[in-house]
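Trainee: The structure follows.
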Amino acid sequence: QQQVKQSPQSLIVQKGGISIINCAYENTAFDYFPWYQQFPGKGPALLIAIRPDVSEKKEGRFTISFNKSAKQFSLHIMDSQPGDSATYFCAASPEQGAQKLVFGQGTRLTINP
Amino acid sequence: NAGVMQNPRHLVRRRGQEARLRCSPMKGHSHVYWYRQLPEEGLKFMVYLQKENIIDESGMPKERFSAEFPKEGPSILRIQQVVRGDSAAYFCASSRRGLGNTIYFGEGSWLTVV
Chain U
1 QQQVKQSPQS LIVQKGGISI INCAYENTAF DYFPWYQQFP GKGPALLIAI RPDVSEKKEG
61 RFTISFNKSA KQFSLHIMDS QPGDSATYFC AASPEQGAQK LVFGQGTRLT INP
Chain V
114 NAGVMQNPRH LVRRRGQEAR LRCSPMKGHS HVYWYRQLPE EGLKFMVYLQ KENIIDESGM
174 PKERFSAEFP KEGPSILRIQ QVVRGDSAAY FCASSRRGLG NTIYFGEGSW LTVV
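Protein chains in written order, with the working numbering: chain U, 1 to 113; chain V, 114 to 227.
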């Protein structure tokens, strides 16, 4: 019940295309859903986060879509660029425990020029 | 993740030795968290500390692992009698306050046990 399942494990997208990464969760107490971007040898950096009172949040080329009834959320990267090549992690936590994040397994994204 | 300082960045230890990882939180942050990342896996929560207090250690292995965040100085994650399975990246994160606040990660300490 504490798991967050992320797919796909790896993804290759052409430059300019849309990258889509999906996550699903079981614990209905989760109500904070961040996405992190990690480059090799670096720590995860917060990219964008959503709370379940909205179904979509957009920041620049990055959009989170959230489906509370299906307990699923996804990250869309529009106009994907080679510099977006990284590993992306979804995560979830209860609002009252936002520091105790449960992470997905990660998606290694490669954007081909 | 700028501002959370971890050292050493890379550490090699022989089996049975001790590993000490240090973390200085971002300026103004008084809450520290440690996560572990095994190769090709996501991060797993280990422990949450405030100054001089362990708030939640539910993710810490019961033996050989300990953490502290003293009144003065950095937080320290200590692993005694390391084994090969302890080889991982250990990430520290910090936040200004605890509940409901965004946490920011450091660049990690990569422990290799040989």
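Beta carbons are placed, not taken as given, at the ideal position from N, Cα and C, and that holds for glycine.
By the three-class DSSP mapping on this structure, what secondary structure does P34/U have?
Mentor: Reading the first sequence from its first residue, position 34 is the one you call residue 34/U. Strand.
Trainee: My assumption, with CB atoms under 8 Å, is that G116/V sits in contact with Y217/V. Please give the rounded CB distance.
Mentor: The residue you call residue 116/V lines up with position 3 of the second sequence. The residue you call residue 217/V lines up with position 104 of the second sequence. Contact flag correct, Cβ pair sits at about 7 Å.
Trainee: List, in chain order, every chain V residue whose beta-carbon is nearer than 8 Å to that of G60/U.
Mentor: Within the first sequence, the letter at position 60 stands for residue 60/U. Going along chain V, no residue has its Cβ under 8 Å from G60/U, so there is no contact; the nearest lies around 18 Å.
Trainee: Alpha carbons only, please: which of A180/V, E154/V and E176/V is nearest the one belonging to Y161/V?
Mentor: Within the second sequence, numbered from 1, the residue matching residue 161/V stands at position 48. Closest option to Y161/V, Cα to Cα, is A180/V.
Trainee: What are the start and end residues of the beta strand (DSSP E) that includes S55/U?
Mentor: For the purposes of this step, residue 55/U is taken as residue 55 along the first sequence, with counting starting at 1. Segment: none, S55/U is in no beta strand (DSSP E) and carries neither H nor E.
Trainee: Note down, in chain order, every chain U residue with its Cβ under 7 Å from the Cβ of F228/V.
Mentor: Since the first and last residues shown for chain V are 114 and 227, residue 228/V lies out of range.
Trainee: Could you check how far apart the C-beta atoms of A201/V and L151/V are, in whole angstroms? I think they sit under 8 Å.
Mentor: As a working note, residue 201/V is residue 88 in the second sequence. As a working note, residue 151/V is residue 38 in the second sequence. Indeed they touch by this definition, with Cβ atoms about 5 Å apart.
Trainee: Is F182/V near K164/V, with beta carbons less than 8 Å apart?
Mentor: One-based indexing of the second sequence puts residue 182/V at position 69. One-based indexing of the second sequence puts residue 164/V at position 51. Yes, these two residues count as a Cβ contact at 8 Å.
Trainee: Taking DSSP as the reference, what is the three-state secondary structure of N114/V?
Mentor: Residue 114/V sits at position 1 when you count from the first residue of the second sequence. Note on N114/V: pLDDT 44, under 50, position unreliable in the model; no value is reported.
Trainee: Whole angstroms is fine: what's the gap from I12/U's alpha carbon to V196/V's?
Mentor: As a position in the first sequence, residue 12/U is number 12, starting the count at 1. As a position in the second sequence, residue 196/V is number 83, starting the count at 1. Those two C-alpha atoms are separated by around 36 Å.
Trainee: Buried or exposed for G221/V, going by 16 or more other Cβ atoms inside 10 Å?
Mentor: For the purposes of this step, residue 221/V is identified with residue 108 of the second sequence, where counting begins at 1. By the 10 Å Cβ count, G221/V comes out buried.
Trainee: Beta-carbon of D199/V versus every beta-carbon of chain U: anything under 8 Å?
Mentor: Here the question's residue 199/V lines up with position 86 in the second sequence. It does not; no Cβ of chain U falls within 8 Å.
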